[in-house]
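Comments concern the structure below.
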Amino acid sequence: MMTKGQKKGSVRFSLKQDGAKKVQLAGDFSDWKQLPMRKQKDGSFAINVELRLGSYEYKFVVDGQWMVDPDNGAWALNPFGTMNSLAVCE
2 MMTKGQKKGS VRFSLKQDGA KKVQLAGDFS DWKQLPMRKQ KDGSFAINVE LRLGSYEYKF
62 VVDGQWMVDP DNGAWALNPF GTMNSLAVCE
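If you use my numbering, the sequence shown corresponds to residues 2 to 91, in order.
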């Protein structure tokens, strides 16, 4: 899930994935470098990222497995023939 962060220009990415031990966020905004997400009290994982206006492609990496954001139906086809989640910051 992607929501506005508390700070201006900040976006909060979160994922609830039962049984997950390690969750990371990767996207074109990080040159696909995997950014560690922190486990929250409710069991979800979250990270705040500062993004400029525009659209960005991203995926979650859950225990080494790449996956689209199940709470975001906006997707873009990537060069590998699979889908990436699409975040639009306005």
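Using N, Cα and C, we set each Cβ at its ideal position, and we do this for glycine too.
In the DSSP assignment, serine 11 forms a beta bridge with Glu51.
In this structure, Asp29 is the residue among Gln18, Asp29 and Ser15 with its C-alpha nearest to the C-alpha of asparagine 79. For methionine 68, the enclosing beta strand (DSSP E) covers residues 66 to 68. The region 54 to 68 makes contact with the region 16 to 34; the number of CB pairs closer than 8 Å reaches 3 or more. According to the DSSP assignment, tryptophan 76 belongs to the beta strand (DSSP E) that extends over 76 to 78. Three or more beta-carbon pairs separated by less than 8 Å link the region 10 to 23 to the region 37 to 52, which places the two stretches in contact. Within the same chain, and ignoring the five residues on either side of arginine 39 in sequence, the residues whose Cβ sits closer than 8 Å to its Cβ are Phe46, Ala47 and Ile48.
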